[in-house]
Structures are given as C-alpha cells and as structure tokens.
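Engineer: Please see the structure below; I have some questions.
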Amino acid sequence: MVQQLTVSDSSVDMSKAPLQTDADVSLYLHAELLPNIRQITLYISIPRKPALDAIRPQIQLSDSCKAVTVSLPEPFHDVTETIKLPARVSDASRRILNTIISPSKQPTDASYDYSFRMQIDPTDPALITQDELTDDHVPWTAADMSTSTRIRCRACGTRFLDASGPPNIAEEQDRAPGWTWKDLPSGNWAEMMDFWHCHKPDPHEDDPKSEATAALKIEEQNAQIKGYGAGSRVEAIPGTALIDVATFLLAESDCVGLKKGNEEEAKSNPTSLQQRTLDCVTCNAIIGMEDPSANGWRLLKANVTLNTNESYESAEEQWQSHSAELIVAAQLLELIERESARRFVIHCGQKGGFLLWVFNPDLRYSNSNSGHSVNAQQAMKVLYQTTEDIDSILNRDMGRPSPLSVEELELPSMLFQDLSTALNNSNQMLPPSARKFNEWTVGLLDRSAAISKPVLFGVEILSITANPSFNQSNPPPILQLSSPVETDALISFCNVTVTYTHPGQGDRITTAVFLPLEKWNNRLLGLGGGGYATRLPGDDDLLKAVAGGYAGVTTDGGHDPSLMSVETWALNSPGNVNLYALNNFAHVSLFETSGIGKAIASSFYESEPTFSYFVGCSSGGRQAMMLAQRYPTAYDGYLSGCPAMNWNKLNMAEIWSYVAMKTASSPVPACILDKITAAAVEACDGLDGVVDGIIDDYRKCKISPHETVGQKVDCGKSEVFISSEAADVVQSLWDGPRSANGEFLWYGFTPGSQLTLVANSQCDSDNKCTAVPFALATEWVKFFLKKDPDYDISSITLDDFYDLFHESQHWYQSIIGTDDPNLSGLKRSGGKMITWHGTVDPLIPVGGTSDYYDRVLAMDSKVDEYFRHFEAPGVAHCFGGPGALPKTALDTLVRWVEEGVAPDSLLGEMVDPESNQTTYRDHPAYHLLQRDEKIEEELGREREL
Numbered sequence: 001m002v003q004q005l006t007v008s009d010s011s012v013d014m015s016k017a018p019l020q021t022d023a024d025v026s027l028y029l030h031a032e033l034l035p036n037i038r039q040i041t042l043y044i045s046i047p048r049k050p051a052l053d054a055i056r057p058q059i060q061l062s063d064s065c066k067a068v069t070v071s072l073p074e075p076f077h078d079v080t081e082t083i084k085l086p087a088r089v090s091d092a093s094r095r096i097l098n099t100i101i102s103p104s105k106q107p108t109d110a111s112y113d114y115s116f117r118m119q120i121d122p123t124d125p126a127l128i129t130q131d132e133l134t135d136d137h138v139p140w141t142a143a144d145m146s147t148s149t150r151i152r153c154r155a156c157g158t159r160f161l162d163a164s165g166p167p168n169i170a171e172e173q174d175r176a177p178g179w180t181w182k183d184l185p186s187g188n189w190a191e192m193m194d195f196w197h198c199h200k201p202d203p204h205e206d207d208p209k210s211e212a213t214a215a216l217k218i219e220e221q222n223a224q225i226k227g228y229g230a231g232s233r234v235e236a237i238p239g240t241a242l243i244d245v246a247t248f249l250l251a252e253s254d255c256v257g258l259k260k261g262n263e264e265e266a267k268s269n270p271t272s273l274q275q276r277t278l279d280c281v282t283c284n285a286i287i288g289m290e291d292p293s294a295n296g297w298r299l300l301k302a303n304v305t306l307n308t309n310e311s312y313e314s315a316e317e318q319w320q321s322h323s324a325e326l327i328v329a330a331q332l333l334e335l336i337e338r339e340s341a342r343r344f345v346i347h348c349g350q351k352g353g354f355l356l357w358v359f360n361p362d363l364r365y366s367n368s369n370s371g372h373s374v375n376a377q378q379a380m381k382v383l384y385q386t387t388e389d390i391d392s393i394l395n396r397d398m399g400r401p402s403p404l405s406v407e408e409l410e411l412p413s414m415l416f417q418d419l420s421t422a423l424n425n426s427n428q429m430l431p432p433s434a435r436k437f438n439e440w441t442v443g444l445l446d447r448s449a450a451i452s453k454p455v456l457f458g459v460e461i462l463s464i465t466a467n468p469s470f471n472q473s474n475p476p477p478i479l480q481l482s483s484p485v486e487t488d489a490l491i492s493f494c495n496v497t498v499t500y501t502h503p504g505q506g507d508r509i510t511t512a513v514f515l516p517l518e519k520w521n522n523r524l525l526g527l528g529g530g531g532y533a534t535r536l537p538g539d540d541d542l543l544k545a546v547a548g549g550y551a552g553v554t555t556d557g558g559h560d561p562s563l564m565s566v567e568t569w570a571l572n573s574p575g576n577v578n579l580y581a582l583n584n585f586a587h588v589s590l591f592e593t594s595g596i597g598k599a600i601a602s603s604f605y606e607s608e609p610t611f612s613y614f615v616g617c618s619s620g621g622r623q624a625m626m627l628a629q630r631y632p633t634a635y636d637g638y639l640s641g642c643p644a645m646n647w648n649k650l651n652m653a654e655i656w657s658y659v660a661m662k663t664a665s666s667p668v669p670a671c672i673l674d675k676i677t678a679a680a681v682e683a684c685d686g687l688d689g690v691v692d693g694i695i696d697d698y699r700k701c702k703i704s705p706h707e708t709v710g711q712k713v714d715c716g717k718s719e720v721f722i723s724s725e726a727a728d729v730v731q732s733l734w735d736g737p738r739s740a741n742g743e744f745l746w747y748g749f750t751p752g753s754q755l756t757l758v759a760n761s762q763c764d765s766d767n768k769c770t771a772v773p774f775a776l777a778t779e780w781v782k783f784f785l786k787k788d789p790d791y792d793i794s795s796i797t798l799d800d801f802y803d804l805f806h807e808s809q810h811w812y813q814s815i816i817g818t819d820d821p822n823l824s825g826l827k828r829s830g831g832k833m834i835t836w837h838g839t840v841d842p843l844i845p846v847g848g849t850s851d852y853y854d855r856v857l858a859m860d861s862k863v864d865e866y867f868r869h870f871e872a873p874g875v876a877h878c879f880g881g882p883g884a885l886p887k888t889a890l891d892t893l894v895r896w897v898e899e900g901v902a903p904d905s906l907l908g909e910m911v912d913p914e915s916n917q918t919t920y921r922d923h924p925a926y927h928l929l930q931r932d933e934k935i936e937e938e939l940g941r942e943r944e945l
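For reference, each letter of the sequence shown is one residue, going 1 to 945 in the UniProt record's numbering.
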C-alpha cells in the first residue's frame with residue numbers, strides 16, 4: 001500500500017518558509033541525507049553583520065546522535081536552534097562538528113554559511129531501504145478508493161463525482177451503487193502488451209486444459225481487474241474511473257459541476273493540453289481537460305479534493321488533497337523508470353518553460369523551520385533553468401531529437417504555475433550557499449511522509465493518509481480532564497488516518513492519529529467515545545490533546561459515529577446480530593487503536609512514546625475499563641469517568657425507568673419529578689454542615705418521596721398535587737430494578753439526580769402524559785435482544801422486562817459486560833487506573849461503579865496500589881451539576897504513573913454562575929471514605945456502650 005502525504009488547501013508548509021534575514025540575530029539549520037553516499041550535509045546560516053564577524057557557532061551533537069543544537073556565544077547567548085537530523089550519524093561526527101572552519105561568503109553578503117559532512121550510522125533502524133528508494137509514491141491509486149468516493153473542486157468545493165454512483169448508466173436494477181476504480185499502467189504498457197499479444201502461445205482448440213489456454217484465461221482475468229489488457233486501448237467507461245499518476249479518467253456522462261473551456265481556441269490549436277480545459281461551473285477554476293483519444297474527461301489530481309469515506313456527510317478534515325509538487329514528482333519518477341531519463345523540458349503549451357535535471361530522486365531533509373520533532377521529509381532534489389524557447393531544446397524546428405536526451409512533460413497551466421511557485425519557495429528555503437549549482441538553480445520537490453505501515457496480527461491495512469494542518473484554532477474544552485491550555489493558542493499537527501479491515505469479516509475501521517508538529521511530550525493519549533459512537537468524526541478533543549502536547553488517537557470502531565445509532569450495523573439481517581461489529585465496538589478496535597497509535601507515533605517521531613494513556617467518560621469510560629480488564633498493557637494509565645460499565649445491566653436499568661413510568665396509571669410529569677428531587681436536596685443538603693445545594697453523601701440521605709405527597713406543584717398551565725402513586729414511581733427509580741420477588745437486580749439513581757432524562761414523558765396541556773423511553777437503551781432492546789428493527793418498545797410488560805434482563809446477561813456478558821473484577825493483569829503490568837463518578841449522574845447510577853471497586857477490593861486487598869476510585873458529590877454525567885468537576889484528573893494519573901504519586905484525592909473545580917467565582921474542592925478516594933465510615937461506626941458503638 002502506498003503511503004500518502006496529503007496537504008489541506010488552507011495549510012502553509014512551514015518547512016518551506018523563506019530564510020529570514022531581518023535585523024534580528026537568528027540561526028537557520030538545514031540538513032540533507034544523501035542515501036547513495038551515506039552522508040548527511042549540515043548547513044548553519046547566520047546573518048552577515050559586523051557584530052557577528054568574529055563569532056563562531058557552538059555546535060553540540062545530542063547523545064542519541066540524532067539531533068544537533070547550535071548556539072552563539074556572548075553576547076548572543078540566547079540565540080540557539082536545534083534540528084532533528086534525517087538519520088542517526090556516527091559518534092565520530094562530534095569531532096567533525098568541533099572542527100573550526102571558515103564560513104562561505106555569499107555574493108549577496110546576506111549570511112555566513114557553515115557546512116559539515118557527517119557519516120550516517122549504518123545500524124540506524126530508521127535508515128531507508130532500497131525498496132523505499134525505488135518506491136514511486138503514486139498519489140491515489142485504486143486501492144485507496146471505495147465505491148462511495150467523491151471528488152470535488154479544490155478551490156470552492158463543488159462536487160464533480162458524487163457518491164451515489166453513475167447517474168446516466170442503464171443497467172440491471174440490482175446493480176450495486178457506487179463506482180468502480182481501476183489503475184492505468186505506466187506509459188509503455190502498450191508496447192509490452194503488443195509484444196505479449198504477438199508472441200503468446202496459441203491455445204490448442206482440442207485441449208482446453210493446456211497451459212496456453214490457462215495462460216489466456218489468466219490474462220483475461222487480469223484485464224478485467226486492471227484498466228487495460230493486451231490489444232486494448234484506454235477508453236473511458238461509464239461507471240468506472242481509471243487512474244494514472246496525475247489524473248482521473250472519467251466518462252463525460254458521470255461528471256457533474258464541470259463545463260468545457262473555450263471551444264474556439266481548442267479547435268484552432270487541437271494539440272495543446274492547455275486549450276482543452278474543463279472548468280468548475282462555480283468558480284471557473286481549471287479542473288482538467290478533454291481527452292478525445294480516450295473519449296473521456298481527465299480530472300487533474302492536483303486540482304481536486306477527494307473523500308473515500310463511506311459516510312456521505314463527512315467531516316471537512318476527511319477530504320484529502322495532494323500538492324502539485326508531489327504529483328509532478330510522481331510523474332517524473334515514472335518517466336525516469338520508463339525512459340531512464342534525468343533531464344526534462346517542462347512546459348504548459350507555451351514557448352517558455354523549465355529545463356529540469358533530477359539530481360537526486362530520493363533525498364531526505366530537515367530544517368529548523370519545520371520543528372524539532374518532525375520526521376525528515378522525503379523529496380526529489382532538482383536543478384532547473386528557465387527557458388524562453390523550449391523548441392530550441394527539443395529541436396522541433398530541426399525535425400530531429402534533442403542532443404541533450406531530454407524528455408518532454410507538458411502540464412496544464414494551473415499545475416505548471418503551482419510547480420513554478422513550489423520550486424521558487426523550496427529554493428528560498430535552502431541556505432544561500434546551497435541555492436545555486438553553477439548556472440543551475442537548486443530546488444526540492446516534496447514527495448511523501450516517511451510513515452511506516454503498522455503491523456498488527458489479523459489486520460490488513462487498506463490505506464494510510466497524512467494531512468499536515470497548520471495554525472488551527474484550539475477549541476474550548478467540552479470536558480477538560482487535564483491542565484488548561486491557552487484556548488486562543490494556534491496549533492499545528494499532522495493528521496494520520498489509517499483504514500484497515502479484518503480479512504474475512506467485511507469490516508472497515510478508521511483510526512485517526514493527531515501528531516503535534518512541535519513540543520510533543522512523548523506521550524500518546526487514546527480518546528474514548530460516547531453512546532454508541534466509538535469515536536470520530538469530531539476532532540475537538542484530539543485538538544485539545546495536541547494542544548496539551550500529546551499525540552492523540554481515536555477510532556470509529558468500524559461504524560459511522562455521526563448517526564449515534566446502531567441501526568446501520570447491529571444486524572446482518574432481522575434475527576441475526578452482527579457479532580463482528582459488536583466485538584469491534586465492545587473491545588477489539590479499542591485494543592488495535594493502541595497499537596496503531598503507538599506505531600504511527602514511533603514512525604513519525606522515530607521514537608516510541610515514553611508513556612501512553614486512555615481517557616474516556618460515559619461509553620468512553622467503559623472503553624477505558626474494558627482495556628484495563630482485557631488488554632492491560634495497551635496503555636500505561638486509564639482514566640474512566642462515569643463509566644457505562646456493567647453494560648448489559650445498565651441498559652436494562654434504564655429501561656426499568658420507562659417500565660416504572662409506563663406501568664403507572666398515569667406517567668409522572670417532569671414537573672413533579674423535579675419537585676421531589678428538589679425536596680430531597682433541601683432535606684439532605686445540610687447533613688455535611690454546609691448548605692451549598694449539594695448532597696455530600698447520598699448514602700446518608702434517608703428521605704422518602706412519600707414525604708412530599710399532597711404538596712402542590714406548579715406545572716405551567718395548571719397546578720397539580722403529588723400523588724402517592726407518583727411517590728411510588730420515584731421510589732422505584734431510586735431503588736433501581738427489582739425482580740418479581742423484590743430481589744435486587746441493579747442500582748437506581750441517587751436522591752438529587754435529575755430523573756427526567758431516563759424517566760421522560762410527553763404531556764398535553766391537561767398534564768396527561770405518555771412515557772418516553774431512553775433512546776440508547778431502547779436500541780439495545782430492539783436490535784440486540786429482540787433483534788427486530790420493527791420492535792415497538794411501548795409493548796413491553798413487567799414480565800417482558802424480567803426475561804430481557806436475564807437474556808441481556810446470558811447473551812452479552814462475555815462480549816461487553818465490562819465488569820470483570822480480576823485486574824491482576826493491570827497489577828502485573830505496572831499500569832494504573834483512576835475512575836470517578838458524579839453522585840447525581842442522571843444516566844448511569846453511581847452505585848454500579850462503587851460496587852465494581854468493592855468487588856475488586858474483595859479479590860485484592862492491595863487494590864489501591866494500582867486502582868483508585870473517587871466519587872464527585874453534586875456532579876452530573878461527565879460534567880454539569882452543582883458539584884466540583886475533577887478537571888485535572890489526567891494530570892493526577894500522569895503523576896501516579898510517571899512519578900509514583902498515588903492520589904488520595906481528586907481536585908474538583910466549580911464556578912458560581914452568578915458571581916463567576918471559582919471554588920475548588922478535594923474529592924477523597926473512595927477507599928478512604930470507606931475507612932472513615934467504618935471508624936465512625938466503631939466510635940458510634942463505643943459511645944452507645
């Protein structure tokens with residue numbers, strides 16, 4: 001699989017920023033790896049000023065021999081710069097760097113340039129192999145596409161190829177929607193195919209089993225897979241997109257949003273690519289050209305963006321594009337391979353153009369403008385000259401080949417202009433002493449990021465793309481779990497997207513890794529999801545991770561998370577659960593995401609993450625606990641907030657709230673539920689000696705909802721009185737599910753929790769109400785228990801509930817239960833886990849998490865050495881409520897893992913909405929609260945005696 005570097009339209013390549021030579025004293029470092037001679041050339045540029053005439057830079061090679069730091073002596077001791085070298089150099093390079101040499105003086109007198117040559121360390125595992133040297137890095141091939149691939153204008157976003165498939169193709173009605181993608185071969189395919197066609201053996205008609213007959217069948221099969229065959233010619237086919245190095249060849253009937261360019265000019269000059277343009281109907285940008293010989297339209301890869309995601313509505317960052325220089329470099333590599341040529345005349349159909357010499361097709365370089373932690377960039381080093389008369393070089397007037405052995409490459413004008421700009425920018429990026437070679441100008445054409453493909457057992461990588469993004473806004477946090485960072489800070493990162501499958505299972509999973517381009521803290525942070533969304537497509541939390549210095553990683557688990565529903569993936573057919581998809585959601589993709597994230601970060605930074613963490617709340621909290629239970633070595637630390645663990649019990653507990661409302665003679669309206677909740681807070685708020693709207697210890701709150709019976713409640717258009725039946729419903733919500741014999745099944749919600757989220761109702765103007773089930777729990781029953789997308793939850797009875805509760809345990813405990821108290825694997829690995837839960841969580845009862853800690857403690861009395869649990873009084877589900885939110889819990893976990901500082905409390909923060917004042921509160925560890933309660937009980941018994 002080809003690994004691609006794709007560049008977003010709005011991004012600016014910081015590594016190509018021109019060298020600054022203003023009044024400030026600065027350093028600029030540039031390093032190039034020459035693979036053929038196994039050397040790295042290091043350039044150091046200092047502005048030429050009188051104050052610096054006698055200054056010599058101080059150079060230090062890092063202990064790893066992978067980075068160089070350069071500084072200036074007094075009085076410029078604050079001037080320092082570091083560069084990460086393209087490869088590790090030998091230790092003997094220290095002596096070379098300490099050699100005092102004279103700088104080269106440039107004709108412009110703009111700078112002093114020092115240069116050093118160092119031998120690379122042949123044992124460096126990061127060294128590129130011969131296979132990598134010959135890899136042509138074709139941007140976008142058929143293997144990267146899906147049947148839902150869309151193409152749009154890079155300039156304005158107008159769609160040219162839609163996901164629904166060919167619009168004007170008349171075929172059988174059961175034809176699968178979408179596009180077929182085929183790769184076209186290199187330019188000399190026709191000669192090779194004709195040779196084979198002429199010399200292949202003739203099959204014997206009377207011997208259908210002969211080798212020649214078998215060979216012919218194989219040839220025909222290959223021709224169906226590829227976009228060509230022996231004796232065939234390239235021709236656009238409706239419904240099929242053919243791909244070469246620089247273009248997509250499509251049938252005109254398949255394209256939308258395009259118009260033909262100037263017809264009159266095309267007729268007057270039919271040989272020029274420039275004249276036969278296809279323009280965007282919205283912004284008039286040149287997108288491609290007609291190809292009469294192929295009876296089709298060619299869309300230029302450099303002028304479009306592309307989305308292979310199977311979801312029609314995709315996030316903006318999932319639209320990929322390629323730079324002009326990468327595409328031109330791929331074309332040049334193809335010509336080098338095919339024609340063995342290194343010199344080219346490049347033009348756009350006009351008299352002028354470039355004479356370009358490919359000096360080194362596989363260079364690795366880095367510079368101090370690109371950040372210290374960024375991989376070396378792969379590039380093609382070229383020498384070029386501008387010419388006003390390409391015909392004189394090509395000998396067109398003489399009617400014979402050029403004596404210079406040059407190949408001609410004609411580009412559309414837009415692509416040619418982009419190439420010209422890229423060459424000029426790359427030349428200005430080079431140190432002054434390296435910008436010219438005799439009469440030639442030196443330039444670099446970036447090729448692709450050197451990111452290695454992850455290797456995971458049982459996994460097939462389908463594609464890897466990398467999109468650098470510069471100066472992104474840092475969004476405000478929705479749920480902040482680490483130290484705050486500046487929300488107005490701009491961040492730059494590389495977004496690496498990996499798509500893979502499990503062969504034989506028919507799944508397609510996408511994992512995204514965001515890699516900071518600077519100030520990486522050598523940590524990987526896995527991010528959990530919510531509801532039925534494993535994670536993706538929203539990237540706000542990934543951006544927050546990058547802003548905090550982390551490399552962030554997340555996965556979609558193999559399904560579209562924007563739908564927040566299981567309808568599209570839960571069932572293979574009515575009655576048959578898609579267990580592969582459920583396992584991906586439950587745990588498989590979570591573990592694989594860890595491996596992919598570590599592999600991508602290691603390849604990108606050429607250094608493994610020192611530590612790794614996973615953070616999640618709600619369903620993401622369940623993910624953290626599942627990883628700690630089943631894959632304890634996936635991360636070093638786990639932070640689980642308000643976890644949706646005990647999954648198969650939890651969903652049924654939420655259905656219990658609906659059943660309790662539904663079986664009442666009249667469902668309780670929200671106004672009454674809120675009134676009883678407020679009465680509970682008022683009765684129990686002051687038990688801790690402080691009246692602050694928070695029930696500090698819900699276990700001590702002994703109020704009965706029946707104490708509110710008869711109270712009058714303002715329900716908007718009318719006033720109603722709390723009935724005994726309404727109090728019974730609230731009591732059943734507080735108690736949680738009970739069996740027909742009254743036996744405990746699962747935990748209920750605490751007094752003070754908002755009840756109207758899972759015990760919801762719709763009421764008319766007369767307060768006649770209908771119970772409304774909680775959507776997530778309803779989907780669990782409908783798709784995984786009943787396995788019927790048409791099941792009507794309103795038909796459920798108490799007996800149905802008891803049966804379904806049992807089935808939920810019996811069928812799914814081993815897949816997604818997430819309640820295994822055996823954490824011996826986590827203990828042995830040295831990992832740590834912190835869980836916290838808001839005591840007024842209105843979606844997930846806090847008792848389930850505390851119960852889990854108690855069961856782990858029962859198995860291991862030393863559980864607090866690797867697992868600690870905290871309750872946050874007054875905090876709702878993941879955030880909200882009057883309590884103090886533990887915003888810096890991730891920092892606490894990091895200190896525990898890396899420094900051995902075990903937390904006895906979590907710091908919570910709450911902001912008064914009226915005064916905007918911030919108050920902090922420590923939440924003691926749950927095991928310490930238990931100890932204090934036991935001491936109080938013993939003291940109470942002593943007082944009684």
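C-beta: ideal position from N, C-alpha, C; glycine also. As the structure is a computational prediction, the values presented were derived from the model and not from experiment.
1) Pick from Ser-146, Gly-637, Ala-376: whose alpha carbon is nearest that of residue 968?
2) Anyone know if the C-beta pair for Val-897 and Asp-636 falls short of 8 Å?
3) Only counting the same chain, and skipping five residues up and downstream in sequence, which positions put a Cβ closer than 6 Å to that of Val-709?
4) For Pro-432 and Glu-32, what's the separation of their Cα atoms in angstroms?
5) Tell me the rounded alpha-carbon separation between His-877 and Arg-152.
6) Report yes if the C-beta distance between Leu-411 and Ile-346 is below 8 Å; otherwise report no.
7) Using three-state DSSP, classify Phe-514 as helix, strand or coil.
8) When we look at the beta-carbon of Cys-65 and count the other beta-carbons within 10 Å, is it buried (16 or more) or exposed?
9) Skipping 5 residues on each side, what residues in its chain have a beta carbon closer than 7 Å to that of Gln-813?
10) With a Cβ-Cβ cutoff of 8 Å, do Asn-651 and Val-720 count as a contact?
11) Where does the unbroken alpha helix (DSSP H) through Ala-771 begin, and where does it stop?
12) Rounded to whole angstroms, what's the CA-CA distance from Asp-819 to Ile-59? Just pull it up for me.
13) Between the alpha carbons of Leu-242 and Asp-540, how many angstroms are there, rounded?
14) Leu-249 and Ala-294: beta carbons closer than 8 Å?
15) In chain order, what are the residue ranges of uninterrupted beta strand (DSSP E) at least 3 long that sit wholly in the segment 520-596?
16) Please list the segments of the beta strand (DSSP E) lying wholly inside the segment 821-859, counting only runs of 3 or more residues, in order along the chain.
17) Could you say which of Leu-34, Pro-924, Leu-525 lies nearest to Ala-512 if we only look at CA atoms?
18) Suppose contacts are defined by Cβ-Cβ distances below 8 Å. Is Ala-379 in contact with Leu-332 by that definition?
19) Quick check on this structure: which residue in Leu-823, Phe-879, Ile-44 has the alpha carbon closest to the alpha carbon of Tyr-28?
20) From Lys-200 to Thr-180, what does the alpha carbon distance come to, in whole angstroms?
21) When the Cα atoms are used, what is the spatial distance from Val-304 to Thr-499?
22) Considering only the alpha carbon of each residue, which of Phe-457, Val-758, Phe-749, Gly-641 lies closest to Tyr-658?
23) Do you know whose CA, among Phe-870, Val-911, Glu-914, Tyr-384, lies nearest Tyr-926's CA?
24) Looking at the secondary structure, which residues open and close the alpha helix (DSSP H) in which Gln-331 lies?
25) So who's on the other strand from Glu-909, going by DSSP bridges?
26) For Thr-501 and Ile-509, which I take to be in contact (beta-carbon distance under 8 Å), what is that distance rounded to the nearest angstrom?
27) Can you tell which of Asp-244, Asp-63, Ile-694 has the C-alpha that lies nearest to the C-alpha of Pro-184?
28) Is it buried or exposed, Phe-744, if we count other Cβ atoms within 10 angstroms and call 16 or more buried?
29) Put Pro-304 into one of helix, strand or coil per three-state DSSP.
30) In angstroms, rounded to a whole number, what distance separates the CA positions of Gly-353 and Tyr-384?
31) Check each candidate in Ser-861, Pro-667, Phe-784 and name the one with the smallest Cα separation from Cys-769.
32) Taking the alpha carbon of Asp-291 as the point to measure from, which residue in Cys-255, Met-564, Ala-236, Arg-364 has its own alpha carbon closest?
33) With distances taken Cα to Cα, identify the nearest neighbour of Phe-591 among Ser-829, Leu-627, Arg-622, Ile-46.
34) With DSSP as the reference, label Cys-684 as helix, strand or coil.
Structural biologist: Well, looking at it:
1) Missing from the structure shown is residue 968; the chain here goes from 1 to 945 and no further.
2) In this structure, Asp-636 lies closer than 8 Å to Val-897 by Cβ.
3) The beta carbon of Val-709 is closer than 6 Å to those of Ile-722, Ser-724, Ala-727 in its chain, skipping five residues each way along the sequence.
4) Cα to Cα, Pro-432 sits roughly 15 Å from Glu-32.
5) When rounded, the separation of the alpha-carbon atoms in His-877 and Arg-152 is 41 Å.
6) Result yes, Cβ atoms of Leu-411 and Ile-346 sit closer than 8 Å.
7) Of the three classes helix, strand and coil, the one that applies to Phe-514 here is strand, per DSSP.
8) Cys-65 should be labelled buried.
9) The answer, listed in chain order, is Asn-648.
10) Contact flag unset, no.
11) Taken as a continuous stretch (DSSP letters only), Ala-771 belongs to no alpha helix (DSSP H), being part of the beta strand (DSSP E) at 769-772.
12) Taking the straight line from one Cα to the other gives about 56 Å.
13) Approximately 37 Å, taken between the alpha carbons.
14) Annotated as proximal: Leu-249 and Ala-294, with beta-carbon spacing under 8 Å.
15) As summarised for the segment 520-596, the continuous beta strand (DSSP E) elements at least 3 residues long and confined to that stretch are 523-527, 551-555, 571-573, given in chain order.
16) Positions of the beta strand (DSSP E) runs, each at least 3 residues long and wholly inside the segment 821-859, are given as 832-838 in order along the chain.
17) Each of Leu-34, Pro-924, Leu-525 was checked against the Cα of Ala-512, and the nearest Cα belongs to Leu-525.
18) In this structure, Ala-379 keeps its C-beta atom at 8 Å or more from the C-beta atom of Leu-332.
19) For the set Leu-823, Phe-879, Ile-44, the Cα lying nearest the Cα of Tyr-28 is the one of Ile-44.
20) Residue placement at Lys-200 is flagged as unreliable, the pLDDT there being 47, under the threshold of 50; a coordinate-derived value is accordingly withheld.
21) Their backbone Cα atoms lie some 21 Å apart in a straight line.
22) Distance check between Tyr-658 and each of Phe-457, Val-758, Phe-749, Gly-641 places Val-758 closest, using alpha-carbon atoms only.
23) Among Phe-870, Val-911, Glu-914, Tyr-384, the Cα nearest to that of Tyr-926 is on Phe-870.
24) Looking at the DSSP string, the run of the alpha helix (DSSP H) that includes Gln-331 is 324-339.
25) Residue pairing for Glu-909: DSSP places it in a beta bridge opposite Leu-885, Tyr-920.
26) Confirmed, about 7 Å.
27) Inspection of the sequence shows that residue 184 is occupied by Leu rather than by Pro. If we check each option's Cα against that of Leu-184, Asp-244 comes out closest.
28) Around the CB of Phe-744, fewer than 16 other CB atoms lie within 10 Å, so the residue is classed as exposed.
29) Residue 304 is actually Val in this sequence, not Pro. It is a strand residue.
30) Their backbone Cα atoms lie some 10 Å apart in a straight line.
31) Ranking the options by Cα distance to Cys-769, first place goes to Pro-667.
32) Proximity to Asp-291 across Cys-255, Met-564, Ala-236, Arg-364 peaks at Ala-236, based on C-alpha coordinates.
33) Of the residues Ser-829, Leu-627, Arg-622, Ile-46, the one whose Cα lies closest to the Cα of Phe-591 is Leu-627.
34) Helix, per DSSP.
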